[in-house]
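**Student:** First to last, the protein sequences are chains W and F.
All residue numbers for the first sequence refer to my numbering, where the first residue is 10 and numbers rise by one.
All residue numbers for the second sequence refer to my numbering, where the first residue is 284 and numbers rise by one.
All C-beta atoms, glycine included, are put in the ideal place defined by N, C-alpha and C.
Let me begin by handing over the structure; questions about it come next.
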Amino acid sequence: MRREIPLIITTVAGLVFAVSYFIPHWPFGEAESIFGDWVAIIQAFAIWLGALNLVKVSLEKIYRKKEDALYAGIIIVCLLLTIAVGFYDGFTGGPQSSFRDTGTSFDWIYRFVYTPLTSTMFAMLAFFVASASYRAFRARNFEATLLLIAGFFVMGGRVPLFHLLLKPFTDVPYFSEFAGWIMAYPLTAGMTAIMIGIALGIMSSSLRIILGIERSHIGGGA
Amino acid sequence: MELLGIWVAALLTLGIFSFLYKDNPVYKICESIFIGVSAGYWAIANFFDALHKKFWIGVFPTDGSDPDYFLWFGALLGVLMLMRLSSKIGWIARWPLAFIVGATAGLYMMLYFVSNAMNQVSSTMRDVIVVNSDTQLIIWGETVGSILIVIGVVSGLVYFFFSKEHKGIFGRTARVGIWFLMITFGAHFGYTVMSRMSLLIGRIDFLFRDWLHLLK
């Protein structure tokens, strides 16, 4: 029963969403709407499962006095503080207010802690991408040279430096025009092929899941 | 509070950037703050957006409408998901997981079939020779581009077809597909580098303009 019930649940849920695309009337249309609400509720619980698991793992680190126990403590304090502030702002405001409203303490955390940390983390990737570029953009063969040329022109077309270098010879922004041409035609061709490939892959994987051939998500082999 | 916020944001930004020198305790503290605040933010956002707005208001409506008792099943599956924390009855979390996987498979199968497969195929079927409607002359730039798109899509799809060995005319077509894919990856890589650079410029702009007031 530990395997059969999840398999039945998977098949029913998958069939309802797939069939309701073709038959958006009763009962499939209504079932899709109900199942859609359930998905949103389960996803919210899954996020809370992740947060609770983070607390559990961090508490274990503190209990076992591991070397990063201090950082585990900071994680728990920041998590609980953010949740407490969010609950306070969410429940003390009026019915029309939200915890996201400008001026709330939760908004302060979002603007001055969460946003700077997120954007700085991603900005740091600029340095690591630069070193990765050095390795990726070496013209070892014809294919790598195509990669190099496309990357060079797309990057060069988005900064004014190359336009300034060509300024004594021509006013036409050749770099940015060629970058635009690469984005409009060869990139579109490659992306279309990739997207069609992804779609075919997702369709076959989804069918395998719905038909119960793929069972790795319930702990069984494919 | 605004001034305090700018100082906090600036110090956290510098703390994260300190990793560029080497891994250090200041970076680890900022990283831990990031993990804790991110988890808390998404937990609260999902609580109010899904659990409160969708479930609680749906089951106990305040506007006089009929309660939606079906939502209790969703909440029950959600509670079963939390059983994952227990080692003894953790297996029961497979039920909501199976529901999510099945629903996602059914939904994405149709969404990707329409948006990625059919729409992309129809957008590839364009006029190969593009003519100016006023002068009746061929627009060579767009014509070459259209031909390139058709060649690129067909050869790229041939490359992804692994059921036949890439030999002969099939292999040569697949090789052309690789060229288009390499141009795509190069352009995407360049685009990603520039987006990360613009984020970096944004952070440095924040430090020099909002925090230090060195830029006007």
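1) Keeping to the same chain, check which residues put their C-beta closer than 7 angstroms to that of Phe382/F; ignore five residues upstream and five downstream.
2) Whose C-beta lies closer than 8 angstroms to the C-beta of Gly357/F among residues of the same chain, with five residues either side of it excluded?
3) What first and last residue would you give for the alpha helix (DSSP H) that runs through Asn402/F?
4) Could you name the residues that DSSP lists as bridge partners for Ile421/F?
5) Using a Cβ distance threshold of 8 angstroms, determine whether the region 380-396 of chain F contacts the region 81-93 of chain W, with at least three qualifying pairs required.
6) Looking only at C-alpha atoms, which of Leu286/F, Asp306/F, Tyr474/F, Phe317/F sits nearest to Tyr119/W?
7) Run the CB neighbour count on Ala55/W, radius 10 Å, all protein chains shown included, and call it buried at 16 or more, exposed below.
8) Should the region 363-373 of chain F be called in touch with the region 157-176 of chain W, which here means at least 3 C-beta pairs below 8 angstroms?
9) Taking all protein chains shown into account, do 16 or more other C-beta atoms lie within 10 angstroms of the C-beta of His34/W, making it buried, or fewer, making it exposed?
10) Exposed or buried, what is Phe151/W when buried is set at 16 or more other beta-carbons lying within 10 Å of its beta-carbon?
11) Just checking: is the beta-carbon of Arg167/W within a distance shorter than 8 angstroms of some beta-carbon in chain F?
12) Can you tell me which of the three DSSP states Leu497/F falls into?
13) Thinking C-beta only, is Thr467/F closer than 8 angstroms to Gly199/W?
14) At which residues does the alpha helix (DSSP H) containing Arg144/W begin and terminate?
15) Would you mind stating whether Ala293/F and Leu490/F have Cβ atoms separated by less than 8 angstroms?
16) Compare the C-beta of Gly361/F with all C-beta atoms of chain W and state if any pair is closer than 8 angstroms.
17) Of the choices Phe343/F, Ala388/F, Trp378/F, whose alpha-carbon is the least far from that of Leu363/F?
18) Decide if Trp47/W is buried, meaning its Cβ has at least 16 other Cβ atoms within 10 Å, or exposed.
19) I need the boundaries of the alpha helix (DSSP H) containing Gly45/W, first residue and last residue.
20) Would a check of beta-carbon distances place Gly38/W closer than 8 angstroms to chain F?
21) What does Met480/F touch in chain W if you count any residue whose Cβ is under 7 angstroms from its own?
**Tutor:** The relevant details are as follows:
1) Contacts found: Leu360.
2) The answer, listed in chain order, is Phe338.
3) Counting along the chain, Asn402/F sits inside the alpha helix (DSSP H) bounded by residues 402-407.
4) Answer is Val414/F.
5) No, the region 380-396 of chain F does not touch the region 81-93 of chain W.
6) Selection Leu286/F, Asp306/F, Tyr474/F, Phe317/F evaluated against Tyr119/W yields Phe317/F as nearest (Cα-Cα).
7) Burial is judged here by how many other beta carbons sit within 10 angstroms of a residue's own beta carbon; Ala55/W has at least 16 and is buried.
8) Contact between the region 363-373 of chain F and the region 157-176 of chain W is absent, because fewer than three Cβ pairs lie under 8 angstroms.
9) With fewer than 16 other Cβ atoms within 10 Å, it is exposed.
10) Within a 10 Å sphere around the beta-carbon of Phe151/W sit fewer than 16 other beta-carbons, which makes this residue exposed.
11) Answer yes: the Cβ-Cβ gap between Arg167/W and chain F drops below 8 angstroms somewhere.
12) The answer is coil: DSSP assigns Leu497/F none of H, G, I, E or B.
13) For Gly199/W and Thr467/F, yes; Cβs fall inside 8 angstroms.
14) Per DSSP, the continuous alpha helix (DSSP H) segment holding Arg144/W begins and ends at 124-145.
15) Taking C-beta atoms as the reference points, Ala293/F and Leu490/F count as a pair closer than 8 angstroms.
16) At a cut-off of 8 angstroms between C-beta atoms, Gly361/F counts as an interface residue with respect to chain W.
17) For Leu363/F, the closest C-alpha among the options Phe343/F, Ala388/F, Trp378/F is that of Trp378/F.
18) Buried, since its Cβ has 16 or more Cβ neighbours within 10 Å.
19) It spans 37-72 - the alpha helix (DSSP H) in which Gly45/W sits, taken as one unbroken run.
20) Taking Cβ atoms only, chain F never reaches closer than 8 angstroms to Gly38/W, which makes this a no.
21) The answer, in chain order, is Ala135.
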